[in-house]
Amino acid sequence: MSPASTVDKLQLLQQNLQNILLQKQQIESSLLELNSACEEVAKTDKAYKIVGKIMLAASPTDILSDLQQKKETAEIRLKSFLRQEENIKKTMQSVQQEAVKELQDKR
Numbered sequence: 287m288s289p290a291s292t293v294d295k296l297q298l299l300q301q302n303l304q305n306i307l308l309q310k311q312q313i314e315s316s317l318l319e320l321n322s323a324c325e326e327v328a329k330t331d332k333a334y335k336i337v338g339k340i341m342l343a344a345s346p347t348d349i350l351s352d353l354q355q356k357k358e359t360a361e362i363r364l365k366s367f368l369r370q371e372e373n374i375k376k377t378m379q380s381v382q383q384e385a386v387k388e389l390q391d392k393r
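Right under this line is the structure:
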């Protein structure tokens, strides 16, 4: 692999990593909101949820169940992003080592 293509590959991996980190941050933020919502719903005996443009009364138990499902889904997505982040970092490290080796071989 030429040094130019190695640099291109590293840049592409860096872009992918940035995208993964951004998505991971969004999921983490969503999880914080879901946790906060769960805590608030657990404290009350009256709750409402928005369906489309309408706010409807709903049982706190039902809302808590919905929030728990959303939370589980977000946690699964977060784990997936963490795995992707780890894989990209490992790939970047090996490509960097390859680039260093190529540069040393040219000397």
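The numbering of the sequence shown is this note's numbering, which starts it at 287 and goes up by one. Every residue, glycine too, gets a C-beta built ideally from N, C-alpha and C. Bear in mind the structure is a predicted one, so any value in this text is a computation, not a measurement.
Residue i and residue j closer than 8 angstroms at C-beta
i, j, result
"Ala360", "Ser316", "yes"
"Glu372", "Thr292", "no"
7 angstroms CB neighbourhood of residue i in its chain, flanking five on each side removed
i, result
"Lys295", "Val381"
Counted within 10 angstroms of its Cβ, other Cβ atoms place residue i as buried (16 or more) or exposed
i, result
"Ile362", "exposed"
"Leu298", "exposed"
8 angstroms Cβ shell around residue i - same chain, five flanking residues per side excluded
i, result
"Lys339", "none"
"Thr377", "Leu299"
Stretch pair the region 364-381 + the region 301-309: three plus CB contacts closer than 8 angstroms: yes
Would you check if the region 316-329 and the region 346-363 touch, i.e. whether three or more CB-CB distances between them fall below 8 angstroms? yes
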